[in-house]
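Presented below is the structure to which this report refers.
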Amino acid sequence: MTTRVAANGIDIAYESFGAPGGRPLLLIMGLGAQLIHWDEGLCELLAEQGHHVVRFDNRDAGLSTHFGEAGVPGPGTAPPYLLDDMADDTAGLMDALGWPQAHVVGASMGGMIAQTLAIRHPERVLTLTSIMSTPGPEVAPPTAEAAAILMARPPADRDGVLEQAVRTWSVIGSPGYDLDHERITTLAGLAYDRCFDPAGTGRQLAAIMASGSRVEALGRLDVPTLVVHGEADQLVPLAGGQATAAAIPGARLVTYPGMGHDLPRALWPDLVAEITKLTTA
54 MTTRVAANGI DIAYESFGAP GGRPLLLIMG LGAQLIHWDE GLCELLAEQG
104 HHVVRFDNRD AGLSTHFGEA GVPGPGTAPP YLLDDMADDT AGLMDALGWP
154 QAHVVGASMG GMIAQTLAIR HPERVLTLTS IMSTPGPEVA PPTAEAAAIL
204 MARPPADRDG VLEQAVRTWS VIGSPGYDLD HERITTLAGL AYDRCFDPAG
254 TGRQLAAIMA SGSRVEALGR LDVPTLVVHG EADQLVPLAG GQATAAAIPG
304 ARLVTYPGMG HDLPRALWPD LVAEITKLTT A
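Under the working numbering, residues 54 to 334 are what the sequence shown spells out, in order.
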């Protein structure tokens, strides 16, 4: 069941898995993605390991507050918010959940938000897991093909969105694993029906680009950290994960051959084991 709460001056939609008394684990999704992009099966596997799992919609995504009145920032125009604000949203959600602290897992832009949360609110982060992410927009830029997919004009209708989803994941997905066309189109359809807001994705992207490098600030962290990255990622190449791990003292880097910019089902058991090893240490 989706619940909406007030946090940091906006409304945030979230869902939870597992027993409320479990280890609090917060999942932060990436650019333009919604809470449903954390697969229920993965959330349930994490819950089975004793975690109380919460997945949520970032601002400008899904059923959380959108900033439509801000439009999409053009060149030289300041964005309406930064990753700092999105990290503060996350801390606000923790307040609403009654969580003084949590284990935090972020994927792609969600990894950037998780890193920023640890920088701005270090006392709130028990452990940090940064997946297929980067410590700054200048680190590990996408390949030309991935950049073209990222910047492609959004389709005008639902069928076009489903077709574009298959094209997108054919480029940035995991070449070492079978591409599940049915799952991709089903999820794209669910996301479209739940909320379709390409301008919101544009504002999130502007926030990423305007937020600058976190390398220096990450060097001051004192939090157990796991960095996960695919060796075949075209959207955020492996150098992004390597730079993240190098920036955070004591961080452990785990990479997977054939993994692109997604989380193949075949890797879930190992990923869950790695996260659980961190949260139970």
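Backbone N, C-alpha and C fix where the C-beta goes; we use that ideal spot for every residue, glycine too.
This structure is a prediction, so every number in the text was calculated from the model and none was measured.
Considering only residues of the same chain and omitting the five flanking positions on each side of residue i, which have a CB-CB separation below 8 Å?
i       : result
Met-54  : Glu-68
Thr-308 : Val-281, His-282, Gly-283, Glu-284, Leu-291 and Gly-294
Excluding the 5 residues flanking residue i on each side, which residues of the same chain have their C-beta closer than 6 Å to its C-beta?
i       : result
Ala-298 : Val-280, Ala-304 and Leu-306
Cys-248 : Gly-115
Ile-172 : Ala-270
Pro-207 : Pro-251
Trp-222 : Ile-237
Asp-141 : Asn-61
If you reduce the DSSP assignment to three classes, tell me which class residue i lands in.
i       : result
Gly-74  : coil
Asp-64  : strand
His-90  : helix
Leu-136 : helix
Ile-81  : strand
Ile-328 : helix
Ile-261 : helix
His-104 : strand
Arg-211 : helix
Val-178 : strand
Gly-253 : helix
Ala-205 : coil
Ser-223 : helix
Val-289 : coil
Asp-315 : coil
Arg-173 : helix
Thr-333 : coil
Ala-300 : helix
Please return the same chain residues whose Cβ sits closer than 7 Å to the Cβ of residue i, not counting the five positions on each side in sequence.
i       : result
Tyr-230 : Gly-311, Pro-317 and Ala-319
Met-262 : Pro-190
Glu-235 : none
Gly-103 : Gly-75 and Arg-76
His-119 : Asp-113, Asp-250 and Gly-253
For residue i, write down the residues that DSSP places opposite it in a beta bridge.
i       : result
Phe-109 : Tyr-67
Gly-159 : Ile-81 and Ser-183
Arg-305 : Leu-279
Arg-57  : Ala-66
Exposed or buried, what is residue i when buried is set at 16 or more other beta-carbons lying within 10 Å of its beta-carbon?
i       : result
His-105 : buried
Ala-59  : exposed
Gln-154 : exposed
Ser-117 : buried
Thr-278 : buried
Ala-193 : buried
Gly-213 : exposed
Gly-163 : buried
With a threshold of 8 Å, are at least 3 pairs of Cβ atoms found where one atom belongs to the segment 97 to 117 and the other to the segment 182 to 194? no
Across the segment 245 to 256 and the segment 124 to 141, are there enough close Cβ pairs to call them in contact, namely three or more that are closer than 8 Å? yes
Taking contact to mean at least 3 C-beta pairs separated by less than 8 Å, is the segment 231 to 250 in contact with the segment 78 to 91? yes
Count the C-beta pairs between the segment 147 to 163 and the segment 173 to 183 that are closer than 8 Å, then say yes if the count reaches three, no if not. yes
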